[in-house]
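The opening position of the sequence shown corresponds to residue 1 in the working numbering, with each subsequent residue numbered one higher. Beta carbons are placed, not taken as given, at the ideal position from N, Cα and C, and that holds for glycine. Below you'll find the structure, written out as structure tokens, and then a few comments.
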Amino acid sequence: MENMLFKYKNEYPPAKGSLLISEPHLPDYNFERSVIFLCEHNEKGSFGLVLNKLSDFTLNQLVDVPLSYKVGLGGPVEPNTLHFLFRNNATIEDSIQVGSQIYWGGNYEQLIAWQTITGASADVLFFMGYSGWSEGQLQDEIDKNSWIVFPEATEQLVFNTRKENMWKDILNEMGGRYALYANYPADPRLN
């Protein structure tokens, strides 16, 4: 259903390394006030990870590792899979650069060894599941005003912004009418 309240033309197309900011009243529980980092976007589809939703699990509760890092909810697709983003590439084999100083995936054992040695928990984010769109699906949702595209997320924004404030902070940073959206109540009936 097309969103009739929020009519805006996205100034930027979705691309690898950009963010998708959900419109204030997106009627999908999985993506309510979500910020998604796009790891891949091409003619075949899109793949991203929700940055601002945490699970109730730590990494050592899910896999046998000595790291008690919080694990995010990357999205509703294949929730039994584990994904990761990291910065300051520690020469992790098979990782893919998806933004300025932001890398996705790669050799899991190398990443865990690097993290165990350095303890640099602020440099890596783990996620259960992912968000995915088939060919043309994401653009269709953007055309229906479900998503606002924020171009070229910085590693500071991805790794240093507090998760509970991220959605609002990014809209405020975008300014103008987006800053107004940041202050919309989650439930307009309570306004």
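Could you pull the start and end residues of the beta strand (DSSP E) that residue i belongs to?
{"i": "R87", "result": "V77 to R87"}
{"i": "D56", "result": "L54 to T58"}
{"i": "Y103", "result": "I102 to W104"}
{"i": "I96", "result": "I96 to G99"}
In the DSSP assignment, the alpha helix (DSSP H) including residue i goes from what residue to what residue?
{"i": "F159", "result": "E155 to N160"}
{"i": "K44", "result": "Unbroken run through K44: none, as it is neither H nor E."}
{"i": "I170", "result": "M166 to M174"}
If contacts are defined as beta-carbon pairs under 8 Å, then residue i and residue j qualify, I think. What distance do you get, rounded to the angstrom?
{"i": "I170", "j": "I21", "result": "6 Å"}
{"i": "A153", "j": "G45", "result": "Not confirmed; about 20 Å, so no contact."}
{"i": "A15", "j": "L49", "result": "Rounded, the Cβ-Cβ distance is 15 Å, inconsistent with contact."}
Going by alpha carbons, who is nearest to residue i out of the options?
{"i": "G132", "options": "G75, E23, L67 and L19", "result": "G75"}
{"i": "W114", "options": "G17, G129 and I92", "result": "I92"}
{"i": "K163", "options": "N10, D28, E135 and I36", "result": "I36"}
{"i": "L73", "options": "C39, E43 and F126", "result": "F126"}
{"i": "L138", "options": "F47, N80 and E32", "result": "F47"}
{"i": "E43", "options": "T81, T118, E32 and D140", "result": "D140"}
Who does residue i pair with in a DSSP beta bridge?
{"i": "N127", "result": "Before going on, a small fix: residue 127 reads as Phe here, not Asn. In DSSP, F127 forms a bridge with G72 and H83."}
{"i": "F37", "result": "L19 and L49"}
If I measure Cβ to Cβ from residue i and keep anything under 8 Å in the same chain, skipping five residues before and after, which residues do I get?
{"i": "E2", "result": "With a pLDDT of 45 at E2, under the threshold of 50, the modelled position of this residue cannot be trusted, and the question is left open."}
{"i": "M4", "result": "For M4, the predicted structure reports a pLDDT of 44, less than 50, and the residue's modelled location is therefore unreliable. The matter cannot be settled from this model."}
{"i": "E78", "result": "G129 and Y130"}
{"i": "N160", "result": "A122"}
{"i": "I112", "result": "V65 and L67"}
{"i": "P13", "result": "V149"}
Can you find the residues in the same chain that come closer than 7 Å, C-beta to C-beta, to residue i, ignoring five residues on each side of it along the sequence?
{"i": "K70", "result": "L54 and T58"}
{"i": "I96", "result": "Y103, W104 and G105"}
{"i": "Q110", "result": "I92 and E93"}
{"i": "L192", "result": "No answer is possible for residue 192: it lies beyond the span of the chain, which begins at 1 and ends at 191."}
Near residue i, which residues of its chain fall below 6 Å by C-beta distance, leaving aside the five closest residues on each side in sequence?
{"i": "Y184", "result": "P24"}
{"i": "N94", "result": "Reading the sequence as shown, one finds Asp at residue 94 and not Asn. Contacts found: G106 and N107."}
{"i": "N172", "result": "A179 and A182"}
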